[in-house]
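J.: Protein chains in written order, with full-length UniProt numbering: chain X, 1 to 208; chain U, 1 to 208.
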DNA sequence: AAAACTATAGACAGAACGGTCTTGTTTTTT
DNA sequence: AAAAAACAAGACCGTTCTGTCTATAGTTTT
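#1: Can you tell me whether DSSP reads residue 132/U as helix, strand or coil?
#2: Straight-line CA distance for residue 12/U to residue 105/U?
#3: Mark residue 250/X as exposed unless 16 or more other C-beta atoms lie within 10 angstroms of its C-beta, in which case mark it buried.
#4: Could you check what DSSP says for residue 126/U in three-state terms: helix, strand or coil?
#5: Give the single residue among 46/X, 44/X, 57/X whose Cα lies nearest to the Cα of residue 28/X.
#6: Roughly how many whole angstroms lie between the Cα atoms of residue 159/X and residue 112/X?
#7: Check each residue of the region 154 to 168 of chain U: if its Cβ is closer than 9 Å to any Cβ of chain X, include it; give the result in chain order.
#8: Does any residue of chain X bring its CB to less than 8 Å from the CB of residue 35/U?
#9: Examine the Cβ distances between the region 37 to 54 of chain U and the region 88 to 100 of chain U and report whether three or more of them are shorter than 8 Å.
#10: What number of angstroms, rounded off, separates the C-alpha of residue 101/U from the C-alpha of residue 178/X?
#11: On a CA-only basis, which of 143/U, 154/U, 202/U is nearest residue 127/U? Give me that one, please.
#12: Could you tell me which chain X residues have their CB closer than 8 Å to the CB of residue 175/U, listed as they occur along the chain?
#13: To the nearest angstrom, how far is it from the Cα of residue 138/X to the Cα of residue 59/X?
#14: Report buried or exposed for residue 156/U, applying the criterion of at least 16 other Cβ atoms within 10 angstroms of its Cβ.
#15: Kindly list the residues whose CB is nearer than 8 Å to the CB of residue 2/U, restricted to its own chain and excluding five residues on each side of it in sequence; keep chain order.
#16: Of all the CB atoms in chain U, is at least one closer than 8 Å to the CB of residue 201/X?
#17: Looking only at its own chain, which residues have a Cβ that is under 8 Å from the Cβ of residue 204/X, when we skip the five neighbours before and after it?
#18: Kindly list the residues whose CB is nearer than 6 Å to the CB of residue 73/U, restricted to its own chain and excluding five residues on each side of it in sequence; keep chain order.
#19: Give me the Cα-Cα distance between residue 172/U and residue 149/U, rounded to the nearest whole angstrom.
#20: Which of the three DSSP states is assigned to residue 178/U in this structure?
#21: Are any of the Cβ atoms in chain X nearer than 8 Å to that of residue 148/U?
#22: Report the neighbours of residue 48/U on chain X: residues whose CB is nearer than 8 Å to its CB, in chain order.
#23: Span of the alpha helix (DSSP H) holding residue 188/X?
#24: Name, please, each residue of chain U whose Cβ falls closer than 7 Å to the Cβ of residue 81/X.
#25: What residues in the region 111 to 140 of chain U bring their beta carbon closer than 7 Å to a beta carbon of chain X?
#26: How many angstroms separate the CA atom of residue 190/U from the CA atom of residue 98/U?
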């Protein structure tokens, strides 16, 4: 259990992970440590004490800021999602051209994400996979995250005058999830390009 | 924590889950109980005692058959994979017509799987999501499982005389994973059809 | 300067964890 | 009928878990 992994992920100087910003106060230190450990070793498998050791904070401090481990998990997921979306949609907003370009750029950005040495798959997919039944807070956070993406995709599909906006968004979302899982399992970022090729194919057909 | 969920999944009288076959000996009872609990509540979150209670067996019996919890997890994954593949490829072998039909039928079968009330996503995807770093046995089992599918897909792509057999197989695999995750998260089996439509689109393009 | 806040350090509790072991019963094999 | 294997029931061990509590110290606010 060495853990001297390089986890600062520049990603062109705009690392997506909020673990990239060196935390100052104890709360952020806890969040950062928890985020890393949860993603690396799982939520249940990561103990409070391990988080505290890594964060270099006291136990009372953790329980001052979060009333339980569950709440910490929820907070970490929420923060991780927000930071990720900020990075992702920020990158997307730089893309020039019509909506089609923007949709396809999704997969280029995904590839950058996959190539990050600190990529362990989507935290939300992983969280739902681990809890599934039971933990509603986790599912809700995941739903919200996915909804953000879906809303954005629908807007693009509308701009493209796609015949079925919802179905187009769903289709790209399937490619999105598929690329994440495939890249995570095979540790191969190029699955983003495979997904992109299918997206191109699909959008071409939409044009009729 | 009620858990009086209907878990016998006929699926046209040929339920995929080996939990569907009422187990006789203690070993199978343990495997069946463990499988259900692992999928529902996660691997780490499921304790040995919980498995024993559900299985109605004694602790010594479990440790007579499996030398550790890790080994039990590995055994469950292996059995689950084998049974699933038996069901899946069995269904596929019934499909008439050219290879293209068989590839598209994959998504029809997936939809049946998704519609099963006992569907919690792919056990392998979930397992990798939970362990990721560390547990090599889990990753190996997942790799093997995926390899089975990939090999089958390549054979179909070859029969179809696809220009790039490997890339075709990878593409369908992305749709496969994407459909599973999307259906699991949204609890909506129709994502299989969304994936199927994209597969059709992609295979049509392959023909030139 | 006083009060309020934020933090550290670590003992502690109670439960749950994985795993071992013993004792005795049932089932199967020979 | 005898021997061997599989099983039940559950006490038990050492560890780890989440979460609480006390005591102390630095920092910010009023």
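We treat Cβ as the ideally placed atom computed from N, Cα and C, and that holds for glycine.
Quick caveat: nothing in here was measured; it's all calculated off a predicted structure.
T.: According to the structure shown:
#1: Residue 132/U falls in the coil class under three-state DSSP.
#2: Reliability of the predicted coordinates at residue 12/U is poor, the pLDDT of 34 falling under 50, and the value obtained from them is presented with this limitation in mind. When rounded, the distance between both Cα atoms is 16 Å.
#3: Any answer about residue 250/X is impossible in this case: the structure gives chain X only from 1 up to 208.
#4: helix
#5: 57/X
#6: 26 Å
#7: 167
#8: No, because no Cβ of chain X sits closer than 8 Å to the Cβ of residue 35/U.
#9: By the Cβ rule, the region 37 to 54 of chain U does not count as touching the region 88 to 100 of chain U, because fewer than three pairs are nearer than 8 Å.
#10: 22 Å
#11: Nearest C-alpha to residue 127/U: 143/U.
#12: 174, 175, 178, 198
#13: 24 Å
#14: buried
#15: Reliability fails at residue 2/U, whose pLDDT of 39 lies under 50, so the model's placement of it is uncertain and no value is given.
#16: yes
#17: none
#18: 43
#19: 10 Å
#20: helix
#21: no
#22: Correct list: empty, because the minimum Cβ distance to chain X is about 14 Å.
#23: Looking at the DSSP string, residue 188/X is not in any alpha helix (DSSP H), and its letter there is neither H nor E.
#24: The contacting residues do not exist; residue 81/X stays about 14 Å from chain U at best.
#25: Of all residues in the region 111 to 140 of chain U, those with a C-beta nearer than 7 Å to a C-beta of chain X are 120, 121, 125, 126, 128, 129, 130, 131, 132, 133, 134, reading in chain order.
#26: 24 Å
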